[in-house]
Amino acid sequence: MVRIKNYIRIFQFFSFFFIASCTTPPPAEETKTISMVYTDWSESVAITHLAAVVLEEEMDYTVNLKLTDIAGAYREVASGEADFFADAWLPETHKRYVNDYVGEIEQIGITYPDARTGFVVPGYSKLMTINDLKDYLNPVIGIDSGAGVMQKARRAIEQYNLPVSLLSLSEDEMIEQFEDSVKRRKEIVITGWDPHWIFSRYEVRFLEDPDTIFGRKENIYTIGYTGIEESHPRAVRFFERMQLTENQLNRLVYQVMLSEDPRQGAKNWIKENEYIVNQWVKNLHPERKKIM
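Start counting the sequence shown at 60; every next residue gets the next number (this note's numbering).
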(Lines of atoms letter the chains of each structure in order from A and count residues from 1; the text may use other names and numbers.)
(Lines give C-alpha, C1' and ligand atoms only; values in the text may rest on other atoms or scores of the structure.)
Protein backbone atom coordinates (compact mmCIF):
# COMPACT_ATOMS: atom_id res chain seq x y z
CA MET A 1 0.00 0.00 0.00
CA VAL A 2 2.88 2.35 0.84
CA ARG A 3 4.51 1.53 -2.49
CA ILE A 4 1.30 2.43 -4.38
CA LYS A 5 1.10 5.80 -2.59
CA ASN A 6 4.72 6.54 -3.54
CA TYR A 7 3.93 5.77 -7.20
CA ILE A 8 0.95 8.12 -7.01
CA ARG A 9 3.13 10.92 -5.57
CA ILE A 10 5.74 10.41 -8.31
CA PHE A 11 3.02 10.42 -10.98
CA GLN A 12 1.55 13.65 -9.57
CA PHE A 13 5.00 15.27 -9.42
CA PHE A 14 5.81 14.60 -13.07
CA SER A 15 2.27 15.39 -14.18
CA PHE A 16 2.59 18.86 -12.62
CA PHE A 17 5.73 19.69 -14.61
CA PHE A 18 4.30 18.20 -17.80
CA ILE A 19 1.17 20.35 -17.52
CA ALA A 20 3.23 23.43 -16.60
CA SER A 21 5.49 22.95 -19.61
CA CYS A 22 2.49 22.61 -21.89
CA THR A 23 0.66 25.65 -20.55
CA THR A 24 3.65 28.04 -20.29
CA PRO A 25 3.62 30.22 -23.42
CA PRO A 26 6.77 30.13 -25.57
CA PRO A 27 8.94 33.26 -25.67
CA ALA A 28 7.71 35.86 -28.14
CA GLU A 29 9.42 35.74 -31.52
CA GLU A 30 11.52 38.67 -32.64
CA THR A 31 9.77 41.13 -34.92
CA LYS A 32 11.45 40.80 -38.33
CA THR A 33 10.27 44.11 -39.84
CA ILE A 34 12.05 47.33 -38.87
CA SER A 35 11.12 50.91 -39.65
CA MET A 36 13.78 53.63 -39.76
CA VAL A 37 13.31 57.37 -40.20
CA TYR A 38 15.96 59.69 -41.59
CA THR A 39 16.41 63.28 -42.72
CA ASP A 40 17.56 64.65 -46.06
CA TRP A 41 21.04 65.39 -44.71
CA SER A 42 23.97 63.66 -46.37
CA GLU A 43 25.23 61.73 -43.33
CA SER A 44 21.70 60.73 -42.31
CA VAL A 45 20.99 59.33 -45.78
CA ALA A 46 24.31 57.46 -45.83
CA ILE A 47 24.17 55.97 -42.32
CA THR A 48 20.54 54.92 -42.69
CA HIS A 49 20.97 53.18 -46.04
CA LEU A 50 24.13 51.46 -44.81
CA ALA A 51 22.26 50.12 -41.79
CA ALA A 52 19.31 49.05 -43.94
CA VAL A 53 21.49 47.08 -46.36
CA VAL A 54 23.31 45.27 -43.54
CA LEU A 55 20.12 44.52 -41.60
CA GLU A 56 18.43 43.09 -44.69
CA GLU A 57 21.28 41.22 -46.36
CA GLU A 58 23.16 39.97 -43.31
CA MET A 59 20.48 39.70 -40.63
CA ASP A 60 17.35 38.82 -42.62
CA TYR A 61 15.22 41.81 -41.59
CA THR A 62 12.78 43.70 -43.75
CA VAL A 63 13.58 47.41 -43.38
CA ASN A 64 11.14 50.18 -44.23
CA LEU A 65 12.63 53.66 -44.61
CA LYS A 66 10.83 56.98 -44.27
CA LEU A 67 12.23 60.41 -45.10
CA THR A 68 11.07 63.13 -42.70
CA ASP A 69 12.26 66.30 -41.00
CA ILE A 70 14.20 66.32 -37.74
CA ALA A 71 11.19 67.07 -35.53
CA GLY A 72 9.25 64.27 -37.21
CA ALA A 73 12.11 61.80 -36.70
CA TYR A 74 12.08 62.27 -32.92
CA ARG A 75 8.30 62.33 -32.73
CA GLU A 76 7.89 59.07 -34.65
CA VAL A 77 10.55 57.22 -32.66
CA ALA A 78 9.15 58.41 -29.32
CA SER A 79 5.64 57.28 -30.28
CA GLY A 80 6.77 53.91 -31.62
CA GLU A 81 5.67 54.71 -35.19
CA ALA A 82 9.34 54.24 -36.13
CA ASP A 83 11.86 51.92 -34.50
CA PHE A 84 15.20 53.64 -35.09
CA PHE A 85 16.75 56.98 -36.02
CA ALA A 86 20.49 56.70 -36.65
CA ASP A 87 21.47 60.40 -36.81
CA ALA A 88 20.80 61.85 -33.34
CA TRP A 89 23.38 64.57 -32.54
CA LEU A 90 23.83 64.70 -28.76
CA PRO A 91 24.14 66.14 -26.21
CA GLU A 92 23.82 69.64 -27.73
CA THR A 93 22.59 69.90 -31.32
CA HIS A 94 19.35 67.91 -30.84
CA LYS A 95 18.95 68.69 -27.16
CA ARG A 96 15.57 70.42 -27.59
CA TYR A 97 14.07 67.34 -29.27
CA VAL A 98 15.36 64.93 -26.63
CA ASN A 99 13.94 67.17 -23.91
CA ASP A 100 10.51 66.95 -25.57
CA TYR A 101 10.45 63.16 -25.13
CA VAL A 102 12.11 62.40 -21.81
CA GLY A 103 11.53 58.76 -20.88
CA GLU A 104 10.26 57.85 -24.36
CA ILE A 105 13.57 57.56 -26.21
CA GLU A 106 16.64 55.36 -25.64
CA GLN A 107 20.19 56.05 -26.79
CA ILE A 108 21.34 52.74 -28.26
CA GLY A 109 24.84 53.18 -29.64
CA ILE A 110 27.36 55.78 -30.77
CA THR A 111 27.61 55.65 -34.56
CA TYR A 112 30.19 58.44 -34.76
CA PRO A 113 32.07 59.96 -31.81
CA ASP A 114 33.58 63.12 -33.33
CA ALA A 115 30.66 65.08 -34.75
CA ARG A 116 30.96 68.85 -34.95
CA THR A 117 28.95 71.82 -36.23
CA GLY A 118 29.90 75.42 -36.93
CA PHE A 119 30.56 78.02 -39.59
CA VAL A 120 32.64 76.43 -42.37
CA VAL A 121 34.83 78.18 -44.94
CA PRO A 122 37.17 77.07 -47.77
CA GLY A 123 40.78 76.50 -46.78
CA TYR A 124 41.92 79.62 -48.69
CA SER A 125 39.55 81.93 -46.78
CA LYS A 126 41.03 84.92 -44.96
CA LEU A 127 38.41 84.48 -42.24
CA MET A 128 39.79 82.71 -39.18
CA THR A 129 37.30 83.21 -36.33
CA ILE A 130 33.58 83.94 -36.06
CA ASN A 131 34.51 87.45 -34.87
CA ASP A 132 35.94 88.09 -38.35
CA LEU A 133 32.39 87.97 -39.72
CA LYS A 134 31.85 91.49 -38.33
CA ASP A 135 33.43 92.71 -41.57
CA TYR A 136 31.77 90.09 -43.80
CA LEU A 137 29.25 91.59 -46.23
CA ASN A 138 27.50 88.48 -47.60
CA PRO A 139 24.89 86.29 -45.87
CA VAL A 140 25.86 83.04 -44.18
CA ILE A 141 24.42 80.19 -46.26
CA GLY A 142 22.47 77.68 -44.17
CA ILE A 143 20.08 74.75 -44.46
CA ASP A 144 16.47 74.26 -43.32
CA SER A 145 15.56 76.55 -40.47
CA GLY A 146 14.60 73.82 -37.98
CA ALA A 147 18.00 72.12 -38.05
CA GLY A 148 20.07 72.17 -34.87
CA VAL A 149 23.01 73.81 -36.63
CA MET A 150 20.72 76.66 -37.72
CA GLN A 151 19.53 77.24 -34.16
CA LYS A 152 23.15 77.55 -33.09
CA ALA A 153 23.97 79.76 -36.06
CA ARG A 154 21.24 82.23 -35.06
CA ARG A 155 22.53 82.21 -31.49
CA ALA A 156 26.10 82.80 -32.71
CA ILE A 157 25.04 85.77 -34.84
CA GLU A 158 23.32 87.28 -31.82
CA GLN A 159 26.05 86.42 -29.29
CA TYR A 160 28.89 87.74 -31.44
CA ASN A 161 26.79 90.75 -32.50
CA LEU A 162 27.33 90.05 -36.21
CA PRO A 163 25.81 92.25 -38.93
CA VAL A 164 25.30 89.25 -41.23
CA SER A 165 22.04 87.59 -42.27
CA LEU A 166 21.38 83.85 -42.31
CA LEU A 167 19.99 82.35 -45.51
CA SER A 168 17.93 79.14 -45.24
CA LEU A 169 18.23 76.76 -48.21
CA SER A 170 18.25 73.02 -48.76
CA GLU A 171 21.54 71.22 -48.16
CA ASP A 172 21.96 70.64 -51.92
CA GLU A 173 21.44 74.33 -52.66
CA MET A 174 23.89 75.31 -49.93
CA ILE A 175 26.57 72.96 -51.27
CA GLU A 176 25.95 74.12 -54.84
CA GLN A 177 26.72 77.69 -53.80
CA PHE A 178 29.75 76.50 -51.83
CA GLU A 179 31.19 74.60 -54.81
CA ASP A 180 30.59 77.53 -57.15
CA SER A 181 32.43 79.86 -54.76
CA VAL A 182 35.35 77.43 -54.45
CA LYS A 183 35.71 77.27 -58.24
CA ARG A 184 35.86 81.08 -58.32
CA ARG A 185 38.06 81.30 -55.19
CA LYS A 186 35.46 83.55 -53.57
CA GLU A 187 34.72 83.95 -49.88
CA ILE A 188 31.74 81.97 -48.60
CA VAL A 189 30.52 80.92 -45.18
CA ILE A 190 28.12 78.02 -44.68
CA THR A 191 26.54 76.28 -41.71
CA GLY A 192 28.61 73.13 -41.87
CA TRP A 193 29.01 69.91 -40.00
CA ASP A 194 31.41 67.01 -39.86
CA PRO A 195 30.83 64.28 -40.99
CA HIS A 196 30.14 65.58 -44.49
CA TRP A 197 31.58 64.58 -47.85
CA ILE A 198 32.94 68.09 -48.52
CA PHE A 199 35.64 67.33 -45.93
CA SER A 200 36.79 64.46 -48.18
CA ARG A 201 36.60 66.39 -51.43
CA TYR A 202 37.72 69.92 -50.54
CA GLU A 203 40.11 71.68 -48.21
CA VAL A 204 37.69 73.22 -45.73
CA ARG A 205 37.79 74.23 -42.07
CA PHE A 206 35.64 75.51 -39.23
CA LEU A 207 35.92 79.11 -38.09
CA GLU A 208 37.22 79.31 -34.53
CA ASP A 209 34.42 79.74 -32.01
CA PRO A 210 35.92 81.50 -28.93
CA ASP A 211 32.63 81.54 -27.02
CA THR A 212 31.89 77.88 -27.89
CA ILE A 213 28.38 78.74 -29.12
CA PHE A 214 28.37 75.69 -31.35
CA GLY A 215 29.62 73.53 -28.51
CA ARG A 216 32.40 71.00 -28.51
CA LYS A 217 32.54 67.73 -30.39
CA GLU A 218 29.57 65.49 -29.74
CA ASN A 219 28.32 62.03 -30.62
CA ILE A 220 25.96 60.80 -33.31
CA TYR A 221 23.72 58.16 -31.72
CA THR A 222 21.21 55.66 -32.95
CA ILE A 223 18.07 56.07 -30.88
CA GLY A 224 14.94 53.96 -30.47
CA TYR A 225 11.77 54.05 -28.43
CA THR A 226 12.01 52.96 -24.79
CA GLY A 227 11.88 49.16 -24.50
CA ILE A 228 12.76 48.50 -28.14
CA GLU A 229 15.12 45.65 -27.23
CA GLU A 230 12.12 43.43 -26.45
CA SER A 231 11.02 43.58 -30.11
CA HIS A 232 14.39 43.87 -31.87
CA PRO A 233 17.19 42.41 -29.69
CA ARG A 234 19.52 41.57 -32.60
CA ALA A 235 19.02 44.95 -34.25
CA VAL A 236 19.81 46.68 -30.96
CA ARG A 237 23.06 44.65 -30.66
CA PHE A 238 23.94 45.66 -34.22
CA PHE A 239 23.42 49.37 -33.58
CA GLU A 240 25.46 49.10 -30.38
CA ARG A 241 28.37 47.85 -32.51
CA MET A 242 28.01 50.02 -35.62
CA GLN A 243 30.61 52.76 -35.10
CA LEU A 244 32.55 54.59 -37.80
CA THR A 245 35.77 56.60 -37.81
CA GLU A 246 35.99 60.02 -39.42
CA ASN A 247 37.61 58.63 -42.57
CA GLN A 248 35.15 55.73 -42.82
CA LEU A 249 32.07 57.89 -42.42
CA ASN A 250 33.18 60.68 -44.73
CA ARG A 251 34.09 58.05 -47.33
CA LEU A 252 30.67 56.44 -46.90
CA VAL A 253 28.90 59.79 -47.30
CA TYR A 254 30.96 60.49 -50.42
CA GLN A 255 30.21 57.06 -51.95
CA VAL A 256 26.49 57.56 -51.37
CA MET A 257 26.63 61.08 -52.82
CA LEU A 258 28.25 59.75 -56.01
CA SER A 259 25.59 57.07 -56.54
CA GLU A 260 22.19 57.72 -58.07
CA ASP A 261 20.82 55.12 -55.65
CA PRO A 262 22.01 55.65 -52.04
CA ARG A 263 21.56 51.92 -51.41
CA GLN A 264 24.10 51.14 -54.13
CA GLY A 265 26.51 53.67 -52.64
CA ALA A 266 26.22 51.87 -49.29
CA LYS A 267 26.88 48.53 -51.00
CA ASN A 268 30.00 49.95 -52.66
CA TRP A 269 31.28 51.04 -49.26
CA ILE A 270 30.51 47.61 -47.76
CA LYS A 271 32.61 45.91 -50.46
CA GLU A 272 35.59 48.01 -49.38
CA ASN A 273 34.96 47.42 -45.66
CA GLU A 274 33.79 43.80 -45.38
CA TYR A 275 35.94 43.11 -42.31
CA ILE A 276 34.35 46.00 -40.38
CA VAL A 277 30.82 44.93 -41.29
CA ASN A 278 31.58 41.32 -40.32
CA GLN A 279 32.51 42.52 -36.83
CA TRP A 280 29.20 44.35 -36.53
CA VAL A 281 27.11 41.29 -37.41
CA LYS A 282 29.18 38.57 -35.76
CA ASN A 283 26.84 36.02 -34.11
CA LEU A 284 23.81 38.11 -35.10
CA HIS A 285 22.78 36.14 -38.17
CA PRO A 286 19.30 34.62 -37.92
CA GLU A 287 19.04 31.09 -36.56
CA ARG A 288 18.18 28.56 -39.23
CA LYS A 289 15.31 26.21 -38.43
CA LYS A 290 16.40 22.59 -38.11
CA ILE A 291 14.77 20.13 -40.48
CA MET A 292 13.75 17.01 -38.54
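No residue lacks a Cβ here, since even glycine has one placed at the ideal position from N, Cα and C.
Smallest Cα separation from residue 281: which of 272, 295, 130?
-> Taking the Cα of residue 281 as reference, the smallest distance to any Cα among 272, 295, 130 is reached at 295.
In DSSP terms, what residue 250 is bridged to | Answer by DSSP bridge pairing, in chain order: 178.
Find out if the Cβ-Cβ distance for the pair residue 109, residue 278 is shorter than 7 Å.
-> Taking C-beta atoms as the reference points, residue 109 and residue 278 fail to come closer than 7 Å.
Under 7 Å between C-beta atoms of residue 227 and residue 201 | Residue 227 places its beta carbon less than 7 Å from that of residue 201.
Return the CA-CA distance between residue 167 and residue 216, expressed in angstroms with no decimal places.
-> Going by C-alpha positions, residue 167 is about 34 Å away from residue 216.
Tell me whether residue 277 sits in a helix, a strand or coil according to DSSP, three-state version.
-> Residue state, collapsed to three classes: strand.
Please say whether residue 106 and residue 142 have beta carbons closer to each other than 7 Å?
-> The answer is no: Cβ separation not under 7 Å.
Local conformation of residue 219 per DSSP, three classes | Residue 219 falls in the coil class under three-state DSSP.
Less than 7 Å separating the beta-carbons of residue 16 and residue 117?
-> For residue 16 there is no data in the structure shown, the boundaries of the chain being 60 and 351.
Between which two residues does the alpha helix (DSSP H) carrying residue 339 extend?
-> Boundaries of the alpha helix (DSSP H) around residue 339: 333-340.
Residue 249 beta carbon less than 7 Å from that of residue 219 | Not closer than 7 Å, so no.
Going by C-alpha distance, which of 101, 273, 223, 132 is nearest residue 311?
-> Closest option to residue 311, Cα to Cα, is 101.
Residue 316 versus residue 238 - alpha carbon distance = Distance between the alpha carbons of residue 316 and residue 238 is about 14 Å.
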